[in-house]
Every structure is written in C-alpha cells, then in structure tokens.
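In the numbering used here, the protein residues as written are 14 to 796.
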C-alpha cells in the first residue's frame, strides 16, 4: 500500500473535522463523545503546525460540550462552527473548500451511520430523525472530493467513526433521505478511507472515556507515531485493527490507496478461520475463563458432539481445539451457548460477541432449528405465499429483494421454503442497538417467526415460546422483543383483506373529433372519454358514482381524478395509487405531467406528483395474443420480488434482439428501456406485448441514456415501491429540473389488480349500484 508523500509545510495541510453529538429531532440518538473525538483530532493537527484557518471544525454539541467549548472560544483558542442541518455540513465541502489549496486534505467524521442498499455507508446528519433519516453517502463524498476544480489536495485521508448497521435495525418504516453532492468532472486523486466497522456492525462508543473506540485507537496511534502529520497508513491500519474489540472487527472496508489502486481489505463473507489465529486465541481465552467449572466444560463438549457430528472434538479437546470448532463448524457456537448461558450470562455474551465478530456459522442451534421445523410441520394450514413474501419483506424491509426458493409442482409455501427463509435470515444477527447502546437487537430470524406467528393463530403460542427461548439464549433485551411482538401482531391489519392498497383507475381513450368539437374550446388539445373506477383494496373494482357527461380535456381529467381520490380517501383513510388505463398505442401520452390547475392558480396540480401514477394497458386487439400476454403477466408478476432487470438499449432495436433478451429471462418481471427515441417506443411495445408487468422508460430523453440514468428510482429495488419512488422523483424534478432531467414513465400491470371486465371506451356506462364501501356521489354528499 502506498504511503503519504512528504508534506514539508504544515500550512499545505487542510482538514474538515466533523463531530455530531446531538440530534435535536431525536434525543435518543445523541452520541456523547463525538465532539471530544473531533477536538482531539483538531488538537493533533494544530500541534503538528496546521494553521487554525486551514481547519473547518464542524460541531453539533450536547449542552455539556457546549459549555466546555465556550471558554476556549472566548479566549480565541478555538474556532468552530455549529452545524445543525445536513446542508450546513455539506456546505463545508462545497463552498468551504473553494479558494483553498494544499497538498493534503484530512476528513475526520464522527456521527451515527447506517448501511444502505448495495452496502452504501450513510452518515446521519444532525437534523436526522427516525422518520426522516437525512444523511450523506461516504462514496458520493469521496467522489466529490476528486473534483477537478479543487486546487491541489492530491492526497486525501478520510476517517469515518460511524456504525455500519443495517437499516432495518432501526425498526422504522422509512428509508434513508440521501442528499447527493453536485455531479463534477473528476481527476486522479489518492484517497485512503478508513471506517470504524464492517458491514452490519456497530461502531462502539466508550461512555467512560467519552470517545468512540475506533477514534480512541486512531488518535492514540497518531499522537504517538505521526506528530509530523505523515502517518504510515499501513501501520495505522494494522494497529487499529488489532485493538478493536471482538464485537467490532475490521475497521476498513474499502481502501482507495494513494497510488490510485483499490484494495478490499475485509471480505464481506466469513474469513478462512483456520488461518485466523487472533480470533481463535481470543475465543480460547474466553472459553478458558468460562470453563472454570470442569463440569460445564464436559457438558458443553458432550452437547456439541451430540448435535454437531462434524465437530470431531474427541474426549479431552483443548480450549484452542474447541475454539476452532466453534468458529468453523455450523451451529457449534450456538450449541455451546445453549449450555453456557443458563450458568453464566456474561460468559455467554462474550462468546456470542466473538462469534459475531468472526462470522461463526449458524445463528440458531441444531435443536432450535429442528424445533422450528417440527412446529411448521404440525401446522395444518400454512399462510399463502403472498403473505410469506410480505413477512420476508417486513422482517428485513431495507435489504435487497430475496424470495424463498420455488418448489416445482407445489402451490407453496412448503415446509422447506419456510425453513429456507429462516436459514436465510440467520445471516442477519441483530447486533447492538444504535439508539440504545448495550442493548441487543432482535435478530431477523426471530422477527420473521414473530410475523408468521401473527398469521398462524393455531401455532402462535408455540412460535412465541420458541422466540422467547432463542432471544433468551442470544441475550436479546426483553423489552425489545416485546416491542417487535406487538408490532408483528398489528402487522396483518396493514395487509388488508383484499388485493392491497386502494386505487383509482381512469379509463381513457382519445375522443372522436366530432365529440371533442361539441364540447367547446376552453382548453385546446385532445379530449378524452373518461370512465372512473375505484377499488378500496378490499371489495374489488367498481365504477365511481360520478362520471363525466362527455369528453374531457387533460386538465379536466386531472380534476376528475382529484375529486374521485378525495372521496375514496375519505372512505379508506389511505392515499390510493392512480392507474391510467390506455390503449396499447397510447402509452406515450405524457399523462404523468398533465396539470389540473387553471392558468391563474397559484399552485399546479400535476397528476404524477400529486399521486403515485402508473400506466395500465387495455387488452390487445388479438384475443389470442392478449391471452398469451395475460398468462405471461400473471407468471412474471409472481416473480416481481426478484431484483433481476432486463435492460434494453439501442442494440436491441436490431432484428430479434429485444425478443431474445426478453424471452431469455423467464422469471423476470421488470424491463427498463434505455434506447434513444428512434427505437424507444418499439421496445416498450415489445416488452408490453411479451407480458412484462413492469416497464420503465424516459419519455423525453433526446438520445440513448447511460447505464446509471434510472438509478435515482432504483428499478432493481422492491417492485411494489416503484410507483412511490417515481412519484418522489417527479417532485424533486419540479424542485431542481437541472439535476433531475429524467421524465420517467411506468407501465405497472399488477396481475392481482384486475382491469374492468367491460371496457366501454367509446363513452361512459351507467355506474353500478353503490355499495357501503364505495365512495358516495359528491352531489349526494353536498345535498
């Protein structure tokens, strides 16, 4: 690994130092010590000769820290800037670095953090809260610091003391609100990034020292070995990694070295344990302390031998041999903790921490896994596969899409599929709470079984008892388990009794010219026959009570939809999805940006911004082709939880290339069209006719789009959330059109959301009889 080049003049060193200790919008996230860590790094820079003006010290202090800062500030010994918003922090990297020049840039950051999609490390800013997780992406920050208009700073060292816990550990229904730095032209820059925790781990904070464990280790080494501000980065990394506690293994995820190369120092999967003498030695020492009672050692060895046949421990194994088995044999660690925890909770917690740190295989013990299988096998009726999939998503809401393996010839779910789900979730061990340090979180496998218990009244008591036993062995906080159980019991109510969320379906067709002319000319442009349908989510699709008497302008269509949405929401108390049903050759209509406001209105009423708006396709003219398409739609819709996407580019406009690409992926539901305008519509039509239920394209792009063009709406993420993601993007495009040039259109053919049985597109039919759940006629409501 390349080291730092010589920096002879400390005046050529600059730094941005961030310490976020207080989160005003959620005091439970306050992080005592983050300011002290930032001040210690600041002191190291100043003692090395870096001028005060070269350091941007950004602090969000608790009250105690603020009182300690006041005399230093008043005496002129310290210059710092309070930051209470994400924008204020980002300004230090955008405006704050303008006009500065130097050879070396340090970034030191201490705050809470989480691991987002695709292992993106996200840093929570001071104005973050559980429902609005305002953050920035470390990778995006590092890319921005490579901008070519920054004078100098060819060497950059970034130190991040923040957790890398999975988002679902925060137990909040909302995802992160990531703000992006401006897109810039980049140049070659040497960057070294060092992070406090591996994916899924907590960056521990020492409440006695008022310091992050990582920051404390880093500063101890820098103060001792790098007073000249030129640390040997390889030596720093080696020292810090050896000093980390067992629960917080590896400190570096991805090091971009100063010679421009990249090196992944910590693999995401389990390490080859036979070569890991450090982990084995730590565990052997913990076992020696736990096995002071000879009887406990004997019982533990016998238990592992009986339930883990591959262990091969023999009659009198050494502590080192037992440690090796616990770290390499599946479920051996869990079996050992089963024996130890009733006798010594503290020793059991130490074993569990070391097991998590060194990726001991198998969260559940053999007995726990066998007991769960036996319970499922005795359950007379398992929940429908759709509910199992919903439970998978609810147990791990922010993870990449995952489905239980399919079972040939079985309607599902099968016993093996449920067990596959349980084993899948074992990889997500729970870890330590971010909000409440020292508290063990409920692991994903227990969250999953709690959700299943809510769906299975006959098996509920046994599943709860099973969850209690597993949580007790893992040292899970009982209050946390009670919270997750209460949430799980309430969760089925959110699923509804029918096909899902409420929806308004507007069935449109271009009106014949003679009918359009009869309506006058208040609005220029095409007019449309419009039939409105509503679905509360539980009683199927019904014609709305109020229908138009003749063709409508685009403006009037939006207003009609608004009135129908208002009435439906009054009945369901939930915002509906708006579906626009069009003829196949009319999906190019820009309905998403139709405006229902009058010219003199202060605010617009943009259809695709006001509501999650998607397109539906009316039946094709050929009954045979339509039947094949509907069959494919149903089959592919069932596979929508896969994160596979077929991307169609300009090369797919030649010959049968699109047909081949779409047919090759037999179990894929999503197609994204990246071709230019010359072939775009044809590719959309091909995907539509071949039965792809989710098709995404850009209506207005003047040419082919790059591979990353659709990343802001994450087409590979949960398919059911795509309409909402596109709605959010359209709103952001209104706020900042230059940064959001995409004009996304979504065909979303939910196979479980049927279309009207009769399609009277030449004119509205009489509404069907109203039902108690149907929205009332607005005329009746006002009389």
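Glycine included, each C-beta is placed from N, C-alpha and C at the ideal position.
Just so you know, these numbers come straight off a predicted model, no measurement behind them.
- In terms of Cα proximity to residue 517, the closest of 482, 579, 469, 636 is 579.
- Here residue 157 carries a helix assignment [DSSP, helix/strand/coil].
- Inclusion of residue 489 and residue 455 in the CB contact set at 7 Å is warranted, their separation being smaller than that value.
- Of the other Cβ atoms in all chains shown, 16 or more fall within 10 Å of the Cβ of residue 244; this residue is therefore buried.
- Boundaries of the alpha helix (DSSP H) harbouring residue 333: 332-341, taken from the DSSP string.
- Rounded to whole angstroms, residue 224 and residue 152 show a C-alpha spacing of 25 Å.
- Less than 7 Å divides the Cβ of residue 116 from the Cβ of residue 25.
- For residue 688, the closest C-alpha among the options 676, 701, 662, 678 is that of 662.
- Residue 655 carries a coil assignment under DSSP once its states are collapsed to helix, strand and coil.
- The DSSP-derived three-state label of residue 755 is coil.
- When DSSP states are grouped into helix, strand and coil, residue 40 belongs to the helix group.
- Taking 8 Å as the upper bound for CB-CB distance, residue 542 and residue 522 are in contact here, some 5 Å apart.
- Beyond the five residues adjoining it in sequence on each side, residue 694 comes within less than 8 Å, by CB distance, of 601 in the same chain, given in chain order.
- If you compare the alpha carbons of 339, 300, 136 with that of residue 125, the shortest gap goes to 136.
- The closest CA to that of residue 666, considering only 700, 364, 655, is found on 700.
- Less than 7 Å separates the beta-carbon of residue 762 from that of residue 646.
- At the C-beta level, residue 69 and residue 29 come within 7 Å of one another.
- The three-state reading of DSSP puts residue 742 in helix, counting H, G and I together.
- For residue 398 against residue 374, the beta-carbon gap comes to about 28 Å, at or over 8 Å, which does not count as contact.
- At the C-beta level, residue 301 and residue 352 stay beyond 7 Å of one another.
- Two segments are said to touch when three or more pairs of C-beta atoms, one from each, lie closer than 8 Å; by this definition the stretch 632-651 touches the stretch 701-712.
- Residue 356 sits close to residue 309, with the two beta carbons spaced by under 7 Å.
- Collapsing the DSSP output to three states places residue 434 in a helix.
- In this structure, the beta-carbon distance from residue 342 to residue 321 falls below 7 Å.
- Counting along the chain, residue 718 sits inside no alpha helix (DSSP H), nor does DSSP assign it H or E at all.
- By the CB criterion at 7 Å, residue 460 and residue 403 fall outside the cutoff.
- Taking a contact to require three or more Cβ pairs closer than 8 Å, the stretch 709-716 and the stretch 750-758 qualify as touching.
- Within 10 angstroms of the beta-carbon of residue 716 lie fewer than 16 other beta-carbons, which makes it exposed.
- Here the C-alpha atom of residue 387 lies approximately 18 Å from the C-alpha atom of residue 467.
- Here the alpha carbon of residue 334 sits roughly 56 Å from the alpha carbon of residue 764.
- Short of 7 Å from the beta carbon of residue 256, and not among the five residues preceding or following it, lie these beta carbons of its own chain, in chain order: 230.
- DSSP, read as helix, strand or coil, puts residue 122 in strand.
- For residue 457, there is no enclosing beta strand (DSSP E); the residue is part of the alpha helix (DSSP H) that begins and ends at 457-468.
- Sequence-distant Cβ neighbours of residue 718 in its own chain, meaning closer than 7 Å and more than five residues away, are 687, 711.
- Here the C-alpha atom of residue 577 lies approximately 39 Å from the C-alpha atom of residue 99.
- About 5 Å separates the beta carbons of residue 361 and residue 350, which is inside the 8 Å limit, making them a contact pair.
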